[in-house]
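Undergrad:
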Amino acid sequence: QKEVEQDPGPLSVPEGAIVSLNCTYSNSAFQYFMWYRQYSRKGPELLMYTYSSGNKEDGRFTAQVDKSSKYISLFIRDSQPSDSATYLCATQRRGNQGGKLIFGQGTELSVKP
Amino acid sequence: DVKVTQSSRYLVKRTGEKVFLECVQDMDHENMFWYRQDPGLGLRLIYFSYDVKMKEKGDIPEGYSVSREKKERFSLILESASTNQTSMYLCASRDSGTTNEKLFFGSGTQLSVL
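Listed in order, the protein sequences are those of chains A and B. In case it helps, our numbering puts the first sequence at residues 43 to 155. In case it helps, our numbering puts the second sequence at residues 46 to 159.
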């Protein structure tokens, strides 16, 4: 069993839709949770970061963590064509030296105008 | 602006060749990483380095080695390339002094082994 499982894509939505991207993880030692966004032919870039249960909002993006069910989500409101990318969830154990992240498989999102 | 530079965007090699993938960062970061990215498998860690001349195996180190002689440069070496090493290779760096676990990635090297 993978330590982090991410809903497979691809996901295609119309512009303006609300997008929900989800991951589950297996190890309760994971304390830090991240979402990276990767545009085509580019490396991933950090989009959201949180270390606690609950919601964290940044503009149109909301990251949600539920540690009791080991579930993490990224919501995108009013999605735009520029949001078309692959989204990767990632997690890390607390105190893990060197920032070794465990990534999900990635979900490819396409927002159609 | 922060920059992680990978020497090649695309690379085509033959089975059995020795392959060097170079990565340079200009942020004075202590930690550097090599990942490979494959469809359906996400990013998998090959090797990482905490500091100059220090290295640690990641999850899939077999068939790879690394070199870190200078802080800014982290090289991935495929001793004898095989077709199952055809993949996108991503280098990343991180400042160990921050609490934010942000990795900075290069744009990747798409390696094809024929």
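We treat Cβ as the ideally placed atom computed from N, Cα and C, and that holds for glycine.
#1: Go ahead and label arginine 81 of chain B buried or exposed: buried means 16 or more other beta carbons lie within 10 angstroms of its beta carbon, across all protein chains shown.
#2: Rounded to whole angstroms, how far is the Cβ of threonine 154 of chain B from the Cβ of arginine 54 of chain B, which I believe are closer than 8 Å?
#3: Thinking glycine 85 of chain A and leucine 86 of chain B are a contact (beta carbons under 8 Å), I'd like their distance in whole angstroms, please.
#4: Using DSSP with H/G/I as helix, E/B as strand and the rest coil, what is asparagine 129 of chain B?
#5: Going by C-alpha distance, which of A/Ala71, A/Leu53, A/Ser54, A/Leu63 is nearest isoleucine 144 of chain A?
#6: Isoleucine 122 of chain B bridges to which residues according to DSSP?
#7: By Cβ distance, which residues of its chain are closer than 6 Å to glutamate 67 of chain B, with the 5 residues on each side in sequence left out?
#8: Helix, strand or coil: how does DSSP classify aspartate 125 of chain A here?
#9: Return the chain-ordered list of same chain residues with a C-beta closer than 6 Å to the C-beta of aspartate 71 of chain B, the five sequence neighbours on each side being excluded.
#10: In the DSSP assignment, find the beta strand (DSSP E) that holds glycine 87 of chain B and state where it starts and stops.
#11: Please check if any C-beta of chain B sits within less than 8 Å of the C-beta of glutamine 43 of chain A.
#12: Pull out every residue of the segment 96-123 of chain B whose Cβ sits closer than 8 Å to any Cβ of chain A, in chain order.
#13: With the cut-off set at 8 Å, would you say tyrosine 109 of chain B and lysine 100 of chain B are in Cβ contact?
#14: Expressed to the nearest angstrom, what Euclidean distance is found between the alpha-carbon atoms of threonine 104 of chain A and tyrosine 91 of chain A?
TA: The relevant details are as follows:
#1: buried
#2: Your pair threonine 154 of chain B and arginine 54 of chain B checks out as a contact, with CB atoms roughly 7 Å apart and the cut at 8 Å.
#3: Going by Cβ atoms, the distance from glycine 85 of chain A to leucine 86 of chain B rounds to 17 Å, so no, they are not a contact pair.
#4: helix
#5: A/Ala71
#6: B/Phe65, B/Ser110
#7: Ser52, Ser120
#8: helix
#9: Lys48
#10: 87-94
#11: no
#12: Glu101, Gly103
#13: no
#14: Threonine 104 of chain A and tyrosine 91 of chain A have their alpha carbons spaced roughly 10 Å apart.
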